[in-house]
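Below: one structure, written as structure tokens.
Numbering (our numbering), first residue to last: 102 to 305.
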């Protein structure tokens with residue numbers, strides 16, 4: 102008798118099922134979009150961003166700790182004790198990166214996995230910042246949407262690193278050995294490309 106569950110046993114289907122079962126993912130997506138939206142809308146959003154950060158105790162502590170490091174400490178050596186002051190010192194891009202890292206990376210106990218997710222996240226943030234600058238220069242009417250779209254372009258790689266780090270590392274190591282066939286390697290091991298996998302999750 103032919104098993105009817107064969108397709109569900111493929112790496113792609115297994116990962117999709119893991120993502121579907123993760124009830125925190127929709128909330129996470131909303132939180133990420135909110136951070137991007139606030140940090141991309143100009144100086145008037147400082148109070149809104151401060152309110153958003155203060156609603157998360159862990160994120161508040163992280164931002165204040167970062168703003169009081171040597172790299173950001175004021176010349177007078179005065180401690181930063183408010184989130185609004187921290188936002189002005191750090192800048193929106195640094196706040197955005199810290200918020201994303203807090204939302205996506207801090208929950209991992211495996212340091213190698215956290216490093217992989219952070220690496221993919223940095224690339225997504227760079228794409229987001231670049232899209233924002235391009236949208237500003239071209240006066241695109243939907244610049245904010247371009248920023249969010251650029252951020253989520255890398256979501257497939259981020260999710261594979263998050264939900265199946267062993268598979269992610271296998272794809273990465275094989276790709277390093279044969280970079281010209283990266284897409285074929287990914288399709289062979291995952292069953293689809295990172296981009297297609299990300300699209301499947303976002304459509305779900």
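The beta carbon of each residue, even a glycine, is placed where N, CA and C say it ideally should be.
{"Asked": "So, for residue 229: in the same chain, excluding its five sequence neighbours on each side, which residues have a beta-carbon less than 7 Å away from its beta-carbon?", "Found": "137, 248, 251 and 252"}
{"Asked": "Pick out whichever of 297, 188, 213 and 305 has its Cα sitting closest to the Cα of residue 307.", "Found": "Limits of the chain in this structure are 102 at one end and 305 at the other, which puts residue 307 out of reach."}
{"Asked": "Alpha carbons only, please: which of 303, 216, 169 and 274 is nearest the one belonging to residue 186?", "Found": "169"}
{"Asked": "Helix, strand or coil: which one does DSSP assign to residue 287?", "Found": "helix"}
{"Asked": "Confirm the yes/no value for this check: CB of residue 114, any heavy atom of the ligand HEM, distance under 7 Å.", "Found": "Annotation note on the ligand HEM: not contained in the displayed structure, which lists no ligands."}
{"Asked": "From 194, 280, 217 and 183, pick the residue whose C-alpha is nearest to that of residue 233; which is it?", "Found": "194"}
{"Asked": "By alpha-carbon positions, which one of 160, 259 and 192 ends up nearest to residue 296?", "Found": "259"}
{"Asked": "Where does residue 253 sit, in a helix, a strand or coil, going by DSSP?", "Found": "helix"}
{"Asked": "If I measure Cβ to Cβ from residue 199 and keep anything under 8 Å in the same chain, skipping five residues before and after, which residues do I get?", "Found": "160, 163, 164, 167 and 191"}
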